[in-house]
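Engineer: Residue numbers (UniProt numbering): 1 to 259.
First the structure, then my questions, so here it is.
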């Protein structure tokens with residue numbers, strides 16, 4: 001339309017005549033007479049460009065200093081929320097904080113992965129000692145040592161019904177760049193709920209025994225001895241050669257009461 005206005009203005013038509021010509025061809029709602037008069041003034045002032053001129057727009061509030069502050073907060077505490085960040089920077093909207101963290105700084109949030117518990121230095125030292133002994137026997141005996149290993153673990157078969165959880169999985173999400181590892185580690189907090197325990201024993205070839213425990217049962221020495229007798233019978237039936245070569249039993253257990 002602006003090109004048509006410029007053409008008709010060059011033909012010496014007035015703004016009112018140009019508006020009547022436009023309405024006759026394109027309809028009465030194509031453009032108001034005031035807009036036509038405005039563009040006629042532009043062309044009289046020797047404007048030749050009929051397109052909108054570039055505008056500076058609203059000045060950006062995201063300065064290099066603000067980006068540095070946000071980046072420092074993320075590196076200091078990677079599982080913060082935008083709400084928590086806005087408390088430290090109250091003059092900046094949450095939308096701008098989120099767009100800065102994700103768009104300009106390239107961060108995104110990853111869910112944490114549950115691990116059984118946080119290990120103390122004593123736990124770490126004990127596990128390191130056991131691992132070194134294991135490697136020493138492996139280097140001495142070879143692959144046959146691995147084939148003689150029978151191990152087991154106790155797991156909750158049903159879904160945990162949580163009464164108290166100090167931190168949810170969503171709350172444990174942490175910020176990281178797109179190239180960061182997506183599987184983070186999060187210690188499982190104390191949980192309470194009903195569950196059914198199942199103990200599984202296996203070796204290099206597969207599962208040897210699956211034992212379900214009734215609720216209210218405590219895994220003590222008596223229960224564990226009965227379980228080992230069942231394991232021995234399972235080995236006799238499924239791995240007869242294993243008994244003659246000698247079984248290396250790797251089993252870590254603790255007294256548990258099934259509620």
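Note that beta-carbon positions come from the ideal geometry of N, C-alpha and C, so glycine has one too.
Leaving out the 5 sequence neighbours to the left and right, which residues in its chain are closer than 6 Å to residue 30 when beta-carbon positions are compared?
Structural biologist: 22, listed in sequence order.
Engineer: What residues match up with residue 9 in a beta bridge as DSSP calls it?
Structural biologist: The partner list for residue 9 (beta bridge, DSSP) is empty, contrary to what the question assumes.
Engineer: Looking only at DSSP bridge pairs, what is residue 212 linked to?
Structural biologist: Answer by DSSP bridge pairing, in chain order: 198.
Engineer: Suppose contacts are defined by Cβ-Cβ distances below 7 Å. Is residue 40 in contact with residue 100 by that definition?
Structural biologist: Going by C-beta atoms, residue 40 is not nearer than 7 Å to residue 100.
Engineer: Could you work out which residue in 68, 211 and 24 is closest to residue 105 when comparing CA atoms only?
Structural biologist: Looking at the Cα atoms, 68 is the closest of the given residues.
Engineer: Strictly by DSSP, which residues pair up with residue 206?
Structural biologist: Note: residue 206 sits in a beta bridge opposite 203.
Engineer: Between the region 236 to 244 and the region 127 to 135, do three or more beta carbon pairs fall short of 8 Å?
Structural biologist: With the cut-off at 8 Å, the region 236 to 244 and the region 127 to 135 do not touch.
Engineer: What are the boundary residues of the alpha helix (DSSP H) that residue 221 is part of?
Structural biologist: Taken as a continuous stretch (DSSP letters only), the alpha helix (DSSP H) holding residue 221 covers 221 to 238.
Engineer: For residue 149, name the three-state secondary structure that DSSP assigns.
Structural biologist: Reduced to three states, the DSSP call for residue 149 is strand.
Engineer: Between the Cα of residue 47 and those of 26, 33, 213 and 2, spot the shortest distance and give me the residue it belongs to.
Structural biologist: Comparing Cα positions, the closest option is 2.
Engineer: Leaving out five residues on either side along the sequence, give the residues of the same chain with a beta carbon under 6 Å from the beta carbon of residue 147.
Structural biologist: Within the same chain, residue 147 has close Cβ partners 204.
Engineer: Tell me whether residue 107 is buried or exposed, calling it buried when 16 or more other Cβ atoms sit within 10 Å of its Cβ.
Structural biologist: Classification of residue 107: buried, given that the 10 Å Cβ count is 16 or more.
Engineer: Taking residue 13 as the reference, which of 27, 28 and 43 has the closest Cα?
Structural biologist: Nearest C-alpha to residue 13: 43.
Engineer: With a threshold of 7 Å on Cβ separation, who are the neighbours of residue 9 within its own chain once the five nearest residues in sequence on each side are excluded?
Structural biologist: Contacts found: 18, 40 and 43.
Engineer: So, are the CB atoms of residue 110 and residue 152 less than 7 Å apart?
Structural biologist: Cβ atoms of residue 110 and residue 152: not closer than 7 Å.
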